[in-house]
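Per this note's numbering, residue 245 is the first one in the sequence shown, and the count goes up by one each step.
Idealized CB from N, CA, C, for every residue including glycine.
The structure displayed is predicted, hence computed values, not measured ones.
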Amino acid sequence: MDINWRALAYGLLTAIVIGLLSGFTVPYTSLTLPVVGAGLTGVIAGFVAGYVDGQSLGSGAIHGGIATTLGAIAVSIFLVTFGILFGGILGIGLAALLFVLLVVYAIPGAVGGAIGSALKARQRPTPAETTG
Numbered sequence: 245m246d247i248n249w250r251a252l253a254y255g256l257l258t259a260i261v262i263g264l265l266s267g268f269t270v271p272y273t274s275l276t277l278p279v280v281g282a283g284l285t286g287v288i289a290g291f292v293a294g295y296v297d298g299q300s301l302g303s304g305a306i307h308g309g310i311a312t313t314l315g316a317i318a319v320s321i322f323l324v325t326f327g328i329l330f331g332g333i334l335g336i337g338l339a340a341l342l343f344v345l346l347v348v349y350a351i352p353g354a355v356g357g358a359i360g361s362a363l364k365a366r367q368r369p370t371p372a373e374t375t376g
């Protein structure tokens, strides 16, 4: 299986933007980790990666899972850095929690990637329709 780097880049960027804007508050240790926000972020970022990939259901799921996990790592590093700067020891505990949750981030990303890839495959005309 070939990795579609463009699909991963779009999914990664989507995961970072939505992850930072979906309820995370950074200053003065007001860090929050909304579970619904993480799931929704994973589905949307995975959908984008799967849609851009557009090959098969499995390929979209893999691209969505990878893009969402990489985005979660980037957002986690950002939040942990600011958490340590503003919260001291609390930021280190948050780092351990976020890296344990990386597996959880991949699941909605894979689901969203499969849905995006299936939607793109449905929109492609079949050879019978084009020669018609």
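Residue i vs residue j beta-carbon contact at 8 Å
i      : j      : result
His307 : Ala350 : no
Gly353 : Thr312 : yes
Val355 : Val287 : yes
Leu346 : Ile317 : yes
Among the options, nearest to residue i - alpha-carbon criterion
i      : options                : result
Gly290 : Gln367, Ala340, Ala253 : Ala253
Ile247 : Leu265, Ile321, Ala293 : Ala293
Ser361 : Leu323, Ala259, Gly304 : Gly304
Gly357 : Ile262, Ile310, Phe322 : Ile310
For residue i, three-class secondary structure by DSSP
i      : result
Ser361 : helix
Leu345 : coil
Ile247 : coil
Gln299 : coil
Distance between residue j and residue i (C-alpha atoms, nearest Å)
i      : j      : result
Gly302 : Leu264 : 28 Å
Gln299 : Leu256 : 18 Å
Gly315 : Ala259 : 5 Å
Phe326 : Val319 : 11 Å
Lys364 : Ile262 : 22 Å
Leu323 : Gln367 : 38 Å
Thr285 : Tyr295 : 15 Å
Trp249 : Asp297 : 9 Å
Ile321 : Phe343 : 9 Å
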